[in-house]
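> Take this structure first; my questions come after.
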Amino acid sequence: MTVGPNDIRTHQERRIAYHLTQGHGPTIVFLGGLRSDMQGTKAVHLEEWARAKGLSYLRFDYSGHGESSGSFEEGCIGDWAEDTFEVVHALTQGPIVPVGSSMGGWQALLLARRCPERIAGMVTIAAAPDFTEDGYWATFTEAQKAQLERDGQVELPSDYMDPYVITKRMIEDGRRQLVLRDPLDLPFPVRCLQGTADTAVSTQTALRLMEHATCPDLHLTLVKDADHRFSDGPCLGLIERAITDVIGAAR
């Protein structure tokens, strides 16, 4: 049975829209990327796949994304981490398998840090942990840094959509959410997927995450010529197999 679209209201009074499919096994929780939404190819495809397998599945929009309340420019990594935790807490019981795409990979790691006892396994797709610091701030010119301080925001071009508006709040909050500076314990099976033609997240980021994390069962799969979307037929099949693999390994 699928429940949705529905919404919940968080303790921060943000309205979060979601779709929930009831089934068996750990609940697969899809965590989308920055400025993506739950209507994206991967989120919808995996819902259909989970339903066909009889698996529980949850997809939702962070605040400022898709059908949820708020504007993107008001949000930050910490806000979306709160949204994720509250949605998972309110709508699921028992073990979960976060599937984090891009920024959603960072969110999956933050969720694991907050409630590791809930995580049966994890799949990341072009995970982008710490990107506000290592991807944005580290590459800002002095002029961009000055503009951020003066105007509170700066626009950045994107290969995949309209320019991003990056706010001073996002940068400053991102520093409080970093996961690659301190020990990162992932005591469950993890499967990381990364395309070599990804222009938004480099293979070096995937390798850094693999080397930094303490995990008894972590596999990184590099896919030649796959881009950041990672949503063509073969890539979707790899995601399905990765989810199946972590669920099986967690038993």
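If you count the sequence shown from 1, position 96 lands on 123 in the numbering used here, and the numbers rise without skipping. Note that CB positions come from ideal geometry on N, CA and C, so glycine has one too.
(1) Is the distance from the Cβ of residue 183 to the Cβ of residue 163 below 9 Å?
(2) Tell me the residue span of the alpha helix (DSSP H) that contains residue 130.
(3) Please report the straight-line C-alpha distance between residue 240 and residue 66, rounded to a whole angstrom.
(4) With DSSP run on the structure shown, which of helix, strand or coil describes residue 322?
(5) If I'm right that residue 156 touches residue 115 with Cβ under 8 Å, what's the distance once you round it to whole angstroms?
(6) By Cβ distance below 6 Å, which residues in the same chain neighbour residue 131 in space, the five residues on each side in sequence not counted?
(7) Between which residues of its own chain and residue 179 is the CB-CB distance below 8 Å, once the five residues before and five after are set aside?
(8) Using 9 Å as the limit for Cβ to Cβ distance, is residue 41 near chain C?
(9) For residue 74, count neighbouring Cβ atoms within 10 angstroms of its own Cβ and tell me buried if that reaches 16, exposed if not.
(10) Which word fits residue 251, buried or exposed, when buried means at least 16 other C-beta atoms lie within 10 angstroms of its C-beta?
(11) What are the boundary residues of the beta strand (DSSP E) that residue 103 is part of?
(12) Between which two residues does the beta strand (DSSP E) harbouring residue 37 extend?
(13) Among the residues of its own chain, which have a CB less than 8 Å from the CB of residue 28, if the five just before and after it don't count?
(14) Thinking just about the alpha-carbon of each residue, which of 145, 35, 107 and 247 is nearest to the one in residue 217?
(15) From which residue to which residue does the alpha helix (DSSP H) around residue 68 run?
(16) Select from 118, 135 and 119 the residue whose C-alpha is nearest the C-alpha of residue 125.
(17) Would you identify the three-state DSSP class for residue 245, choosing helix, strand or coil?
(18) What three-state label does DSSP hand residue 149 in the structure shown?
(19) Determine the burial state of residue 92: buried for a count of at least 16 other Cβ atoms within 10 Å of its Cβ, exposed for fewer.
(20) In chain order, what residues of the same chain lie with their CB nearer than 6 Å to the CB of residue 227, ignoring the 5 residues before and after it?
(21) Where does the unbroken alpha helix (DSSP H) through residue 171 begin, and where does it stop?
Looking at the atomic coordinates:
(1) Position 156 of the sequence shown, counted from the start, is the residue given in the question as residue 183. Position 136 of the sequence shown, counted from the start, is the residue given in the question as residue 163. Inclusion of residue 183 and residue 163 in the CB contact set at 9 Å is warranted, their separation being smaller than that value.
(2) If you number the sequence shown from 1, residue 130 lands on position 103. Residues 130-141.
(3) Stepping through the sequence shown from its first residue, residue 240 is reached at position 213. Stepping through the sequence shown from its first residue, residue 66 is reached at position 39. Cα-Cα distance, rounded: 31 Å.
(4) There is simply no residue 322 to check, as the chain begins at 28 and stops at 278 in what is shown.
(5) To locate residue 156, count along the sequence shown from 1; it is residue 129. To locate residue 115, count along the sequence shown from 1; it is residue 88. With a Cβ gap of about 19 Å, residue 156 and residue 115 do not count as contacting.
(6) Residue 131 sits at position 104 when you count from the first residue of the sequence shown. Only 58, 59 and 60 meet the Cβ criterion.
(7) Here residue 179 refers to the residue found at position 152 of the sequence shown. Same-chain partners within the cutoff: 194, 195 and 196.
(8) No chain C appears in this structure, which consists of one protein chain only.
(9) The sequence position of residue 74 within the sequence shown is 47, counting from 1. Looking at its Cβ environment, which holds 16 or more other Cβ atoms inside 10 Å, residue 74 is buried.
(10) As a first step, residue 251 is located in the sequence shown; it is residue number 224 there, counting from the start. Classification for residue 251: exposed.
(11) For the purposes of this step, residue 103 is taken as the residue at position 76 of the sequence shown. Counting along the chain, residue 103 falls outside any beta strand (DSSP E), and DSSP gives it neither H nor E.
(12) One-based indexing of the sequence shown puts residue 37 at position 10. From DSSP, residue 37 is part of no beta strand (DSSP E); its letter is neither H nor E.
(13) Counting from 1 along the sequence shown, the entry for residue 28 is found at position 1. With a pLDDT of only 42 at residue 28, under the threshold of 50, the placement of this residue in the model should not be trusted; the figure read from the coordinates follows. Within the same chain, residue 28 has close Cβ partners 48 and 49.
(14) On the sequence shown, position 190 is the one that residue 217 refers to. Of the candidates 145, 35, 107 and 247, the one whose C-alpha sits nearest the C-alpha of residue 217 is 247.
(15) Along the sequence shown, read from residue 1 onward, the residue named residue 68 stands at position 41. Taken as a continuous stretch (DSSP letters only), the alpha helix (DSSP H) holding residue 68 covers 68-80.
(16) Taking the sequence shown and counting its residues from 1, one reaches residue 125 at position 98. Minimum Cα distance to residue 125 is reached at 135.
(17) Residue 245 sits at position 218 when you count from the first residue of the sequence shown. In this structure, residue 245 counts as strand in the three-state DSSP scheme.
(18) Counted from its first residue, the sequence shown places residue 149 at position 122. Correct three-state label for residue 149: strand.
(19) The sequence position of residue 92 within the sequence shown is 65, counting from 1. Residue 92 is buried by the Cβ-count criterion.
(20) Here residue 227 refers to the residue found at position 200 when the sequence shown is read from its first residue. Cβ within range, chain order: 255.
(21) Within the sequence shown, numbered from 1, the residue matching residue 171 stands at position 144. Here the alpha helix (DSSP H) through residue 171 covers 169-178.
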